[in-house]
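Read left to right, the sequence shown gives residues 1 to 181 (the UniProt record's numbering).
The beta carbon of each residue, even a glycine, is placed where N, CA and C say it ideally should be.
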Amino acid sequence: MTILLTPRLQLIPMDDSHFDGLFAMNSDTEVMRYITGKPDTPADTQAMIDRVKARWKEYGFSWWSFFEKDSGQLVGAGCIQHLGRDPANPLETGWRLRRDRWGNGYASEAARAMAGFAFDTLNAPLLCAVCHPDNHASAHVMKKLGMQFKATESWYDMQVAVYDMPRAVWQANSATLHQTN
1 MTILLTPRLQ LIPMDDSHFD GLFAMNSDTE VMRYITGKPD TPADTQAMID
51 RVKARWKEYG FSWWSFFEKD SGQLVGAGCI QHLGRDPANP LETGWRLRRD
101 RWGNGYASEA ARAMAGFAFD TLNAPLLCAV CHPDNHASAH VMKKLGMQFK
151 ATESWYDMQV AVYDMPRAVW QANSATLHQT N
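Here you go:
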């Protein structure tokens, strides 16, 4: 299982020891507003952890918990998974953050690390992301990552905006970033 590091975050494969931080985040109505439309129960959060642990074993990737390096606190979660949880579909990235960490650039920082893992480690030809059409903050992160709006489609029992990015775009963006740093 792969730990990803960013300047401010450690992305650690989700496990049972993360339950308290995940439940605190997932039970926040505002955090879940565009994801499921309702806060998680303790059973929902535990079911997520159980599902994620199984996917790490099966695929070698799934959801990470985001830990802030400075505080050691769980501040978010994100994934590389098959769109619609179906291995026949392209890889998808997604994220959520504790409300008190919104607006600090953590989603973009984690999204870049997860996209790098998808393209550079898993050799994904394409990476996509979906969000509720009203979730402008998440769409902004997708665009900053280099993704383009593709269509509105039905995924996860709702109509969502679908963004994607082919590997060549990621590679071109990464080369540009390295030249300017």
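The beta-carbon separation of Leu4 and Ala129, rounded to 17 Å, does not stay under the 8 Å limit for a contact. Straight through space, the alpha carbons of Glu153 and Ser27 are spaced by roughly 27 Å.
Within the model, the alpha-carbon separation for Val162 versus Ala88 is close to 17 Å. Between Gly76 and Phe66, the CB-CB gap stays under 7 Å. Runs of the alpha helix (DSSP H) lying entirely within the stretch 23 to 81, each at least 4 residues long, are 29 to 32, 42 to 59 in chain order. According to DSSP, Trp102 shares a beta bridge with no other residue.
Per the C-alpha coordinates, the member of Lys57, Cys131, Lys143, Pro7 positioned closest to Asp157 is Cys131. In this structure, Phe117 is the residue among Phe117, Val31, Gly146 with its C-alpha nearest to the C-alpha of Met1. A distance below 8 Å between beta-carbons, with the five flanking residues on each side excluded, links Asp164 to the following residues of its chain, in chain order: Pro90, Leu126, Leu127, Cys128, Ala129, Met147, Gln148, Lys150.
A Cβ-Cβ contact shorter than 7 Å links His18 with Leu74. Every unbroken stretch of the beta strand (DSSP E) spanning 3 or more residues and falling wholly within the stretch 107 to 164 is given here in chain order: 126 to 131, 148 to 155. In its chain, beyond the 5 residues on either side, Ala161 have a beta carbon closer than 6 Å to the beta carbon of Pro133. For Arg8, the three-state secondary structure derived from DSSP is coil. Boundaries of the beta strand (DSSP E) harbouring Gly94: 91 to 97, taken from the DSSP string. Note on Ala139: 16 or more other CB atoms within 10 angstroms of its CB, so buried under the neighbour-count rule. Rounded to the nearest angstrom, the gap between the Cα atoms of Ala24 and Ala54 is 22 Å. Note that the C-beta distance between Arg99 and Val141 is not below 7 Å.
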